[in-house]
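K.L.:
Below is a structure I'd like to ask you about.
2 protein chains.
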Amino acid sequence: MALASNSIGPIIHASDPWSPSPRRQLLDERKRARLARISSIVRFEKNDRIYHKGAVAEAVFSLKSGVVTTYVPIAKTSQYVTAFLYPGDIFGLSEEGRYANSAKATTSAVVYRVPVAALQRLLGKDADLDFDVIIKLCEEITQAQRHARILVQKRAVSKLAMFLDLQERLQTARGEAGSEIFLPMDRTAIADFVGLSLAAVSRAFRALLTRRTISCRDRRHVKINDRADFESLIGGDGGLSISRGGA
Amino acid sequence: MALASNSIGPIIHASDPWSPSPRRQLLDERKRARLARISSIVRFEKNDRIYHKGAVAEAVFSLKSGVVTTYVPIAKTSQYVTAFLYPGDIFGLSEEGRYANSAKATTSAVVYRVPVAALQRLLGKDADLDFDVIIKLCEEITQAQRHARILVQKRAVSKLAMFLDLQERLQTARGEAGSEIFLPMDRTAIADFVGLSLAAVSRAFRALLTRRTISCRDRRHVKINDRADFESLIGGDGGLSISRGGA
DNA sequence: CGGCCGGTTGAGTACAATCAATTCTGGTGG
DNA sequence: CCACCAGAATTGATTGTACTCAACCGGCCG
């Protein structure tokens, strides 16, 4: 019992798209051990770059703890955030051998670094592992489509509401239940994720606050007071569900 | 030699994200034959629904010919288009056992229908097949992120330019080289894909036409005249590359 | 105490949404 | 071959919303 069972190798957290099962850790001990043998653990401090777009993609990553942001730099000043990653997520997607986006640590973070060459060798052999990866990639696709869904919204309050909703669902899916939504990223990152200016995000927060739809303990802790009003902003659909542990 | 080699089973067209190789058909004859045994061929006429969001996802699909659109219905009147699919693409992604979006034929189309139960059995055994699927899913992720990239743009002409650029790249990646871009979908579908109103798309086309940046033989055939101006609208980056057959 | 960074707020502007009227296009039947 | 029709697409006028730019606040660190 020297090491806790959650400390021996990369993890992949996801839910099977083909059955209504709860989100869970996909890799069993054997696979984690096998991956552990070819990977290394790297720690990053807040704001550290993990890799940058265009660099030769020699490794993929599995997030062990902390929060990581992937983004595409645009011009010199602005960036477009593609995703916020949490423990159990994998990242480091490449295109033609080069990273398709940049990644940086939003909080201090610990990641497993898996060289692609070694990973490919494993993937070619172990159909079980492949299957787990397939499941995770399917989840990433729905995540990206969910993101797109936020971006098409035109009203700022709707975008913000959908963003908060997304974060809340991710949080409960991770098992961090609680009535408050925690936002590890700053307002600028939110703006770059939902496709608004920083000013617009700020105004949208203000609008939701004065409507008493939400309340903030501080800048990073949000609570939803008027659930009905909140849902109405999302567009009546609510069709974006993420499998939670319970139901 | 009774049947041409391209007619015996599902196809998956994609390029390996880990090496700068051209886009190609991933599945070898053996795998296609194996998939063919568990799948059926279905033909859809223009505007036929292939499946709809929320239905139990019993099968995934591989597009053999034609163009398919996936979308999410919003309210009664509007929809949000998630992707335009071409031969060699796979679709039918589910979430908790139900389709995450709807799909319909944009032109008449022929698809391979693969029941998930049978597919899962194959995937659990054949690591090679799994690997091909992983490659394709990686491509779909970058596609979704590219789509998101279009949606964040604020100016209508930029969105349209990026859309045209995307279609052109897809076209050359498919090997259908030619100086004209062919748009199999109607203006409404374009509007729903780029996140604009139909009117705004129309005005954006007009703007590009009067600027002589593009010209249209008819509504579905576009040619880019002023490449420099065109690129400038995309945001100077041009960072969205899709591997083409040649380079 | 001062500066700096992240965030908020204000005023004016630009751009796309909306609604509605009109034109274009492709298909059908005389 | 042409007249006609229906749906798709264009265009116009108006309105709304978010962007921009810029000033201002508040906490944190030196």
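Protein chains in written order, with numbering that gives the first Met the number 0: chain E, 0 to 246; chain P, 0 to 246. We put the CB at the ideal spot given by N, CA and C, even for glycine.
Where does H51 (chain E) fall in DSSP's three states?
P.N.:
Within the first sequence, the letter at position 52 stands for residue 51 (chain E). Three-state result, H51 (chain E): coil.
K.L.:
In the DSSP assignment, what residue or residues form a beta bridge with Y79 (chain E)?
P.N.:
Counted from its first residue, the first sequence places residue 79 (chain E) at position 80. DSSP, once it has assigned bridges, lists E:V71 as partnering Y79 (chain E).
K.L.:
Grab the span of the beta strand (DSSP E) containing K103 (chain E) for me, first residue to last.
P.N.:
Numbered from 1 along the first sequence, position 104 holds the residue referred to as residue 103 (chain E). Unbroken beta strand (DSSP E) run through K103 (chain E): 101-104.
K.L.:
Rounded to a whole number of angstroms, what is the C-alpha to C-alpha distance between G123 (chain P) and A172 (chain E)?
P.N.:
Position 124 of the second sequence, counting from 1, holds the residue named residue 123 (chain P). Position 173 of the first sequence, counting from 1, holds the residue named residue 172 (chain E). Each residue's Cα considered, the two are about 26 Å apart.
K.L.:
Between the alpha carbons of Q170 (chain P) and I223 (chain E), how many angstroms are there, rounded?
P.N.:
Along the second sequence, read from residue 1 onward, the residue named residue 170 (chain P) stands at position 171. Along the first sequence, read from residue 1 onward, the residue named residue 223 (chain E) stands at position 224. About 46 Å.
K.L.:
Mapping DSSP to helix, strand and coil, what is Q144 (chain E)?
P.N.:
If you number the first sequence from 1, residue 144 (chain E) lands on position 145. In this structure, Q144 (chain E) counts as helix in the three-state DSSP scheme.
K.L.:
Sort out for me which residues DSSP pairs Y111 (chain E) with in a bridge.
P.N.:
Within the first sequence, residue 111 (chain E) is the residue found at index 112, counting from 1. Y111 (chain E) is bridged to E:I40, E:S61.
K.L.:
Name the residue from P:I233, P:D225, P:E230, P:I133 whose alpha carbon lies nearest to the alpha carbon of D15 (chain P).
P.N.:
Mapped onto the second sequence, residue 15 (chain P) falls at position 16. It is P:I133.
K.L.:
Can you give the Cα-Cα distance for T187 (chain P) and S77 (chain P), rounded to whole angstroms?
P.N.:
Position 188 of the second sequence, counted from the start, is the residue given in the question as residue 187 (chain P). Position 78 of the second sequence, counted from the start, is the residue given in the question as residue 77 (chain P). Their Cα atoms are separated by approximately 10 Å.
K.L.:
Determine the chain P residues that contact F130 (chain E) at a beta-carbon separation under 7 Å, and present them in chain order.
P.N.:
In the first sequence, counting from the first residue as 1, residue 130 (chain E) sits at position 131. Those are L122, G123, D129, listed as they occur along chain P.
K.L.:
Find the nearest neighbour of G194 (chain P) within the set P:R33, P:D129, P:R148, judged by alpha-carbon distance.
P.N.:
As a position in the second sequence, residue 194 (chain P) is number 195, starting the count at 1. Out of P:R33, P:D129, P:R148, P:R148 has the C-alpha closest to the C-alpha of G194 (chain P).
K.L.:
Can you check whether the CB of T69 (chain P) is closer than 8 Å to the CB of L84 (chain P)?
P.N.:
Counted from its first residue, the second sequence places residue 84 (chain P) at position 85. Counted from its first residue, the second sequence places residue 69 (chain P) at position 70. Yes, these two residues count as a Cβ contact at 8 Å.
K.L.:
Give the secondary structure of A13 (chain P) by DSSP, where H, G and I count as helix, E and B as strand, and everything else as coil.
P.N.:
To locate residue 13 (chain P), count along the second sequence from 1; it is residue 14. In the structure shown, A13 (chain P) sits in a strand (DSSP, three-state: E or B).
K.L.:
With a threshold of 16 other CB atoms inside 10 Å of the CB of E44 (chain P), please say whether the residue is buried or exposed.
P.N.:
Residue mapping note: residue 44 (chain P) aligns to position 45 of the second sequence, counting from 1. Burial call: exposed.
K.L.:
Using a Cβ-Cβ cut-off of 8 Å, state whether V150 (chain P) counts as contacting chain E.
P.N.:
Reading the second sequence from its first residue, position 151 is the one you call residue 150 (chain P). It is Leu, not Val, that sits at residue 150 (chain P) in the sequence shown. Chain E, which has a Cβ nearer than 8 Å to the Cβ of L150 (chain P), makes this yes.
K.L.:
Suppose the cutoff is 8 Å on Cβ atoms and the five residues either side in sequence are ignored; what does the same chain contact list for H220 (chain P) look like?
P.N.:
Position 221 of the second sequence, counted from the first residue, corresponds to residue 220 (chain P). Excluding residues within five positions, the ones whose Cβ falls inside 8 Å are E179, I180, F181, L182.
K.L.:
Label D129 (chain E) either buried or exposed according to how many other C-beta atoms from any shown protein chain fall within 10 Å of its C-beta, with 16 as the threshold for buried.
P.N.:
For the purposes of this step, residue 129 (chain E) is taken as residue 130 along the first sequence, with counting starting at 1. With 16 or more other Cβ atoms within 10 Å, it is buried.
K.L.:
List the residues of chain P whose Cβ lies closer than 7 Å to the Cβ of T249 (chain E), in chain order.
P.N.:
Since the first residue shown for chain E is 0 and the last is 246, residue 249 (chain E) is missing from the structure and cannot be characterised.
K.L.:
Return the residue from the list P:E95, P:L208, P:Y79 that minimises the CA-CA distance to H146 (chain P).
P.N.:
Residue 146 (chain P) sits at position 147 when you count from the first residue of the second sequence. Closest option to H146 (chain P), Cα to Cα, is P:Y79.
K.L.:
Sorted by chain position, which residues of the same chain lie with C-beta nearer than 6 Å to L159 (chain E)'s C-beta, five sequence neighbours on each side aside?
P.N.:
Counting from one through the first sequence, the residue named residue 159 (chain E) turns up at place 160. Excluding sequence neighbours, L159 (chain E) sits near A203.
K.L.:
Would DSSP call V221 (chain E) helix, strand or coil?
P.N.:
Against the first sequence, residue 221 (chain E) aligns to sequence position 222. Strand, per DSSP.
K.L.:
Measure the CB-CB distance between F229 (chain E) and I189 (chain E) and report whether it falls below 8 Å.
P.N.:
Along the first sequence, one-based indexing puts residue 229 (chain E) at 230. Along the first sequence, one-based indexing puts residue 189 (chain E) at 190. Not closer than 8 Å, so no.
K.L.:
Any idea what DSSP makes of E175 (chain P), helix, strand or coil?
P.N.:
Counting from one through the second sequence, the residue named residue 175 (chain P) turns up at place 176. Looking at E175 (chain P) - three-state DSSP - the assignment turns out to be coil, as it is neither helix nor strand.
K.L.:
State the start and end residues of the unbroken alpha helix (DSSP H) segment that holds L197 (chain E).
P.N.:
Counting from one through the first sequence, the residue named residue 197 (chain E) turns up at place 198. Note, L197 (chain E): alpha helix (DSSP H), 197-209.
K.L.:
Can you find a C-beta in chain P that's less than 8 Å from the C-beta of V113 (chain E)?
P.N.:
For the purposes of this step, residue 113 (chain E) is taken as the residue at position 114 of the first sequence. For V113 (chain E), the answer is no, since every Cβ of chain P falls outside 8 Å of its Cβ.
K.L.:
Which chain P residues sit within Cβ distance under 9 Å of G194 (chain E)?
P.N.:
Looking up residue 194 (chain E) in the first sequence gives position 195. Result: A147, L150, V151, Q152, K153.
K.L.:
Could you check what DSSP says for L84 (chain P) in three-state terms: helix, strand or coil?
P.N.:
The residue labelled residue 84 (chain P) in the question sits at position 85 within the second sequence. The answer is strand: DSSP assigns L84 (chain P) an E or B state.
K.L.:
For a test of the three-state rule: what should DSSP assign to K45 (chain E), helix, strand or coil?
P.N.:
The residue labelled residue 45 (chain E) in the question sits at position 46 within the first sequence. The answer is coil: DSSP assigns K45 (chain E) none of H, G, I, E or B.
K.L.:
In whole angstroms, what is the alpha-carbon distance linking D127 (chain P) and R48 (chain E)?
P.N.:
Here residue 127 (chain P) refers to the residue found at position 128 of the second sequence. Here residue 48 (chain E) refers to the residue found at position 49 of the first sequence. Roughly 34 Å separates the two Cα atoms.
K.L.:
Check whether the stretch 95-103 of chain E and the stretch 29-36 of chain E touch, using three or more Cβ-Cβ pairs below 8 Å as the test.
P.N.:
No: fewer than three Cβ pairs fall under 8 Å.
K.L.:
Please work out which residues of its chain come closer than 6 Å, Cβ to Cβ, to G53 (chain E), disregarding the five sequence neighbours upstream and downstream, and give them in chain order.
P.N.:
On the first sequence, position 54 is the one that residue 53 (chain E) refers to. Excluding residues within five positions, the ones whose Cβ falls inside 6 Å are R97.
K.L.:
Pick helix, strand or coil for I180 (chain E), following the three-state DSSP scheme.
P.N.:
Locating residue 180 (chain E) in the first sequence gives position 181, where the first residue counts as 1. The answer is strand: DSSP assigns I180 (chain E) an E or B state.
K.L.:
Taking 8 Å as the cut-off, decide whether the C-beta atoms of A108 (chain P) and L62 (chain P) are in contact.
P.N.:
In the second sequence, counting from the first residue as 1, residue 108 (chain P) sits at position 109. In the second sequence, counting from the first residue as 1, residue 62 (chain P) sits at position 63. Taking 8 Å as the Cβ cut-off, A108 (chain P) and L62 (chain P) qualify as a contacting pair.
K.L.:
Would you mind stating whether Q152 (chain P) and A143 (chain E) have Cβ atoms separated by less than 8 Å?
P.N.:
Here residue 152 (chain P) refers to the residue found at position 153 of the second sequence. Here residue 143 (chain E) refers to the residue found at position 144 of the first sequence. Cβ distance not < 8 Å, so Q152 (chain P) and A143 (chain E) don't count as in contact.
K.L.:
Just mark S101 (chain P) as buried or exposed, buried being the case when its beta carbon has 16 or more other beta carbons within 10 Å.
P.N.:
Locating residue 101 (chain P) in the second sequence gives position 102, where the first residue counts as 1. Buried, because 16 or more other Cβ atoms sit within 10 Å of the Cβ of S101 (chain P).
K.L.:
Is any beta-carbon of chain P found at less than 8 Å from that of P9 (chain E)?
P.N.:
Start at 1 with the first residue of the first sequence, and residue 9 (chain E) comes out as number 10. No - not a single Cβ of chain P is within 8 Å of the one on P9 (chain E).
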